[in-house]
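J.:
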Amino acid sequence: MNKKLISIAAVAATITLGITACSTPGVESSTGGNASSATDDDSATGTLSMNGSTSMEKVIKAVNGAFEAKTGNKVSLNLTGSGTGIKEAIEGKCDIGNSSRELKEDEAAELDATVIGIDGIALVVHPNNKVEDLTMEDLAKIYAGEITNWKDVGGDDKAIVVVGREDGSGTRDGFESVVMGDKTAQYAQELESTGSVINAVGTTEGAIGYASLANVDDTVKALKIDGAEATEENIKAGTYKVQRPFICAVKKGSENQLVKDYIDFILSAEGQELVRAQGAIPVK
Amino acid sequence: MSKANAEAVGTVSAKATSGIRSKRSGMTDAKEHVMKFIFTLCGIVAVACVIMITVYMIISGAPAIGKIGIIEFLFGDTWYAKEEQFGILPLILTSIFGTCGAIVIGVPIGLMTAVFLSELAPKPLKNIVKPAVELLAAIPSVIYGLLGSMLIKPVIYALEEMIFANDPTHQFTGGANLFSAILVLAIMILPTIINISENSLSAVPPEYREASTGLGATKIQTIFKVTIPAAKSGIASGVVLGVGRAIGEAMAIMLVAGNSANMPGLFNSVKFLTTGVVAEFAYSSGLHRQALFGIGLVLFVFIMIINFILNGILKSNKKTAKSEKK
Chain Y
1 MNKKLISIAA VAATITLGIT ACSTPGVESS TGGNASSATD DDSATGTLSM
51 NGSTSMEKVI KAVNGAFEAK TGNKVSLNLT GSGTGIKEAI EGKCDIGNSS
101 RELKEDEAAE LDATVIGIDG IALVVHPNNK VEDLTMEDLA KIYAGEITNW
151 KDVGGDDKAI VVVGREDGSG TRDGFESVVM GDKTAQYAQE LESTGSVINA
201 VGTTEGAIGY ASLANVDDTV KALKIDGAEA TEENIKAGTY KVQRPFICAV
251 KKGSENQLVK DYIDFILSAE GQELVRAQGA IPVK
Chain Z
285 MSKANAEAVG TVSAKATSGI RSKRSGMTDA KEHVMKFIFT LCGIVAVACV
335 IMITVYMIIS GAPAIGKIGI IEFLFGDTWY AKEEQFGILP LILTSIFGTC
385 GAIVIGVPIG LMTAVFLSEL APKPLKNIVK PAVELLAAIP SVIYGLLGSM
435 LIKPVIYALE EMIFANDPTH QFTGGANLFS AILVLAIMIL PTIINISENS
485 LSAVPPEYRE ASTGLGATKI QTIFKVTIPA AKSGIASGVV LGVGRAIGEA
535 MAIMLVAGNS ANMPGLFNSV KFLTTGVVAE FAYSSGLHRQ ALFGIGLVLF
585 VFIMIINFIL NGILKSNKKT AKSEKK
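Chains as they are written, first to last, in my numbering: chain Y, 1 to 284; chain Z, 285 to 610.
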C-alpha cells in the first residue's frame with residue numbers, strides 16, 4: 001500500500017516536472033515580442049515569434065533551424081495563414097508576420113515588408129500535349145471550366161482534365177489568387193500532394209496541373225504563360241506571372257535587433273541557399 | 285485499494301487451502317490476483333478506447349456542426365473551404381452510392397466464389413484459391429489504390445472519352461471518378477464477403493444437401509434453393525462487414541476518386557467522407573478543421589449504425605439456430 005502511494009507520488013512529481021519543463025519555452029515565446037531586447041554582445045539572443053503562411057512552412061522551418069543553430073536564439077513558429085500573420089504583426093502579437101501574398105495598401109502602411117524568396121508555380125501538361133503557351137486569361141478559363149477542350153487553345157481535339165491541389169493547400173491558394181481573379185476553379189482531380197499532381201498529369205494525356213517550379217520533372221511539360229517560360233530569370237524579372245512573393249513583414253519602426261539579425265540571415269548567401277533548397281527562388 | 289483486497293483475500297484463501305496444499309504460499313496467491321488484475325485492466329483498455337473515441341468525436345465534431353448548423357452541414361450541397369461553405373451532402377451521398385456500387389459488383393462475385401469454394405471446387409483447386417483469397421484480405425489498402433490508379437484509371441479514362449466524346453458539358457476526370465472508386469472498393473470487400481460466406485456455407489449440415497439431392501434436385505438447384513438460403517444470415521453478416529469496410533476505406537479510393545466535392549455520378553470526380561478528411565486535414569485550420577472533425581463524427585455514426593445492423597443479424601441468426609435445434 002505504502003509502496004503504491006510512493007510510486008503514485010513519484011509519477012505525479014515526474015508529470016508535474018515534465019509539464020513545467022514543457023511550458024517554460026511557451027511562456028518565453030509568448031513574451032518573445034518584448035523579451036528579445038536583452039542584448040549580450042552586439043547580436044541579440046532571445047526568442048523570436050513568427051506567425052503566418054502555411055505555404056512558407058518549409059522555407060521558414062529550414063531557415064529557422066539554421067538560425068537557431070547558428071545564433072542560439074529560439075524561434076517560435078505558428079502557421080495560421082498569411083492573413084492572420086499580417087494581422088498579428090500589426091497588432092504586435094508576433095515579431096514577424098509571414099505572408100505569401102503581396103501586402104494590401106493598408107497593411108503596407110503599417111509594416112515593412114521584406115521579400116525573402118519567390119514561389120514560382122509551373123503549369124504542367126502531359127509531354128504529348130502540343131500546346132506550348134497559354135495566356136493568363138485562357139488559363140483562368142480552363143480552370144473555371146469555360147474552356148474544356150485543348151483544341152480551343154491550339155492543341156489536339158482532346159478534353160481537358162483539370163488537376164489541382166486540395167482545399168487548404170498553399171499552392172492552390174497561391175495559384176487561385178494569382179490566376180483565377182473572381183472566377184471559381186472547378187477541379188476534376190484534387191490531389192493531396194505535389195507529387196500526386198505531377199504523377200497524375202504525367203499519366204493522363206488531357207491533363208493540366210500546377211506545382212511549385214522546383215518539383216517539375218521530365219515526366220511532364222511546363223507551359224509558357226503569356227509567352228514567358230517558367231524559369232528562374234523570368235520569375236525574377238516578373239515576365240512569368242504565375243508567381244507570388246514570400247514576405248517577412250515587420251511592424252514599422254521596430255527596434256528589435258533579433259528581428260534584424262533574422263532578416264539579415266535569411267537574405268545572406270547561406271539563408272538564400274536554404275530558401276533555394278526548399279524549392280523557392282532566392283531573391284539575391 | 286484493490287491490491288489490499290487482493291492480499292486480504294489471498295491470506296484468507298491461503299488459510300483455507302493450507303491444509304490441502306501446504307506448498308501453495310501467499311506469494312503464488314498474490315500472483316494469481318495480480319495477473320487477474322492485469323487481465324481485467326487489458327479488458328478495460330478496449331472499452332476505455334471506445335468510450336474515449338466516442339466522447340472525443342462528439343466533443344471535437346459537434347461544435348463545427350453547431351456553428352455551421354446541422355441542416356446546413358448535412359444537407360448543404362457545396363463544400364468549399366475557402367469561402368467557409370461546409371455542406372457535406374455530396375460527400376455523404378458519394379459514400380452511400382460508392383458503397384452500394386461496391387456491394388452490387390462485389391456481392392455476386394464474392395458469393396459465387398464462396399459457393400465455388402465450399403460446394404464445387406475440387407480439393408487441389410480449393411487449396412490454391414482459398415489462400416489466394418485470404419492473401420487478398422491481407423494486402424494493405426494503399427496498394428489497392430496504387431494498382432487502381434495504374435490499371436483501372438487508364439481504362440476508365442478511355443471509356444470516359446468514348447462515352448462523352450461529343451459532350452462539352454461533361455467535366456473530364458481522367459479516369460479518377462466514382463466508377464474507378466467503386467471498382468477498387470468492390471475488389472477490396474471481396475475477401476471479407478468470400479471468407480464469411482464460405483464459412484457459413486460450409487457450416488450448412490450435409491443432411492440438407494443429401495435430402496435435396498435425394499428428392500431429385502440437381503447440384504446447382506440444391507445450392508440456390510437449399511444451401512444459400514440456409515446460410516443466408518451468415519452471408520448477410522459478410523455483406524454488412526463488407527459495407528463497413530467499404531464505407532470506412534480512405535487510402536485506396538483517394539488515389540482513384542478525383543476528390544472534388546461533386547454530387548455522385550458514375551463518371552464524376554467525387555469526394556468520399558473519408559477522403560475529405562484525409563486529403564484536407566494537413567493544411568486545414570479553424571472552422572475548416574473543426575468541420576473535418578464533424579465529417580468524422582458523421583462517419584462514426586454511419587459505422588455505429590452498420591455495427592448495430594450486424595449485431596441484429598447475428599442475434600436473429602442465433603435465434604433461428606436455436607429454434608431449428610428444437
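Every residue, glycine too, gets a C-beta built ideally from N, C-alpha and C. It should be emphasised that the depicted structure is a prediction, and the values quoted were computed from it without experimental measurement.
1) CB-CB under 7 Å to I263/Y, same chain, minus the five flanking residues each way: which ones, in chain order?
2) Tell me the rounded alpha-carbon separation between T204/Y and T397/Z.
3) Can you name, in chain order, every residue of its own chain whose Cβ lies under 7 Å from the Cβ of I466/Z, other than the five neighbours on each side?
4) What alpha helix (DSSP H) runs, 4 residues minimum, are completely inside the stretch 317-377 of chain Z?
5) Roughly how many angstroms lie between the CA atoms of D451/Z and N149/Y, to the nearest whole one?
6) Can you pull the chain Y neighbours of N543/Z, defined as C-beta to C-beta under 9 Å?
7) Going by CA-CA distance only, name the one from D182/Y, A214/Y, P282/Y and E105/Y that's closest to Y143/Y.
8) With 16 as the cutoff for other CB atoms within 10 Å, does V391/Z come out buried or exposed?
9) What does the alpha-carbon distance come out to for the pair F556/Z and N543/Z?
10) Counting only C-beta atoms, is T135/Y closer than 7 Å to chain Z at any point?
11) Beta-carbon separation of D119/Y and R244/Y under 7 Å?
12) Report all residues from its chain with a CB closer than 7 Å to the CB of I507/Z; omit the five preceding and five following residues, and keep chain order.
13) With which residues is M180/Y paired in a DSSP beta bridge?
14) Mapping the DSSP letters down to three states, classify A35/Y as helix, strand or coil.
15) Using CA atoms only, rank isn't needed, just tell me which of A332/Z, P424/Z and K602/Z is closest to G518/Z.
16) So if I threshold CB-CB distances at 9 Å, which residues from the stretch 454-477 of chain Z count as touching chain Y?
17) According to the neighbour-count rule (16 or more other Cβ atoms, all chains shown, within 10 Å of its Cβ), is Y210/Y buried or exposed?
18) Just list the beta strand (DSSP E) runs in the stretch 191-232 of chain Y, keeping only unbroken ones of 3 residues or longer that don't cross its boundaries, in chain order.
19) Measure the alpha-carbon distance for K224/Y versus A230/Y and round it to whole angstroms.
20) Taking all protein chains shown into account, decide if K320/Z is buried (16 or more other Cβ within 10 angstroms of its Cβ) or exposed.
21) What residues match up with I121/Y in a beta bridge as DSSP calls it?
22) Here's the rule I'm using: 16 or more other beta-carbon atoms within 10 Å means buried, otherwise exposed. How should T604/Z be labelled?
23) If you follow the beta strand (DSSP E) that S553/Z is part of, which residue opens it and which one closes it?
24) Counting only Cβ pairs nearer than 7 Å, list the residues of chain Z close to S169/Y.
25) With a CB to CB cut of under 8 Å and the five nearest residues on each side skipped, what residues in its chain are close to F448/Z?
26) Using the beta-carbon of each residue, which ones in chain Y are nearer than 9 Å to H572/Z?
27) Please classify D361/Z: is it buried, with 16 or more other beta-carbons within 10 angstroms of its beta-carbon, or exposed?
28) Under three-state DSSP, which class holds L485/Z?
29) Looking at the unbroken alpha helix (DSSP H) that takes in T148/Y, where does it start and where does it end?
30) List, in chain order, every chain Z residue whose beta-carbon is nearer than 7 Å to that of I160/Y.
31) Which residue spans inside the stretch 372-452 of chain Z form an unbroken alpha helix (DSSP H) run of at least 4?
32) For the stretch 522-541 of chain Z against the stretch 469-477 of chain Z, are there 3 or more C-beta pairs whose distance is under 8 Å?
33) For I147/Y, collect the residues of the same chain with a Cβ closer than 8 Å to its Cβ; drop the 5 residues on either side in sequence, then sort them by chain order.
T.: On the basis of the coordinates in this document:
1) For I263/Y, same chain residues with a beta-carbon under 7 Å away, outside a window of 5 residues either side, are T114 and C248 in chain order.
2) Near 34 Å, if we compare the C-alpha coordinates of T397/Z and T204/Y.
3) Same-chain partners within the cutoff: G382, G385, A386 and I389.
4) Unbroken alpha helix (DSSP H) stretches of 4 residues or longer found wholly inside the stretch 317-377 of chain Z: 354-359, given in chain order.
5) Distance between the alpha carbons of D451/Z and N149/Y: 11 Å.
6) Using a Cβ-Cβ cut-off of 9 Å, N543/Z is close to E166, Y187, Q189, E190, L191 and E192 of chain Y, given in chain order.
7) If we check each option's Cα against that of Y143/Y, D182/Y comes out closest.
8) It is buried - the Cβ of V391/Z has at least 16 other Cβ atoms within 10 Å.
9) Taking the straight line from one Cα to the other gives about 7 Å.
10) Closer than 7 Å: no.
11) Yes, the Cβ-Cβ distance between D119/Y and R244/Y is below 7 Å.
12) The residues are V399 and E403.
13) Answer is none; M180/Y lacks a bridge partner.
14) With a pLDDT of 40 at A35/Y, under the threshold of 50, the modelled position of this residue cannot be trusted, and the question is left open.
15) Among A332/Z, P424/Z and K602/Z, the Cα nearest to that of G518/Z is on K602/Z.
16) From the stretch 454-477 of chain Z, only H454, Q455, F456, T457, G458, G459, A460 and N461 have a Cβ closer than 9 Å to chain Y.
17) It counts as buried.
18) The beta strand (DSSP E) runs lying completely inside the stretch 191-232 of chain Y and spanning 3 residues or more are 207-212, given in chain order.
19) Straight-line measurement puts the Cα of A230/Y at about 6 Å from the Cα of K224/Y.
20) Exposed: under 16 other Cβ atoms inside 10 Å.
21) Looking at the DSSP assignment, I121/Y forms a beta bridge with S212/Y.
22) Burial call: exposed.
23) Careful: S553/Z lies outside any beta strand (DSSP E) and carries neither H nor E.
24) At a beta-carbon threshold of 7 Å, the residues of chain Z lying near S169/Y are Y567, ordered along the chain.
25) The residues are H454, F456 and F551.
26) Per Cβ cutoff of 9 Å: D167 and G168.
27) It is exposed - the Cβ of D361/Z has fewer than 16 other Cβ atoms within 10 Å.
28) Correct three-state label for L485/Z: helix.
29) No alpha helix (DSSP H) holds T148/Y; DSSP gives it neither H nor E.
30) Simply F456.
31) Whole alpha helix (DSSP H) segments, 4+ residues: 373-399, 407-422, 425-431 and 437-447.
32) These segments touch.
33) The beta carbon of I147/Y sits closer than 8 Å to those of D138, K141, V153 and I160, all from its chain and outside the five residues before and after it, given in chain order.
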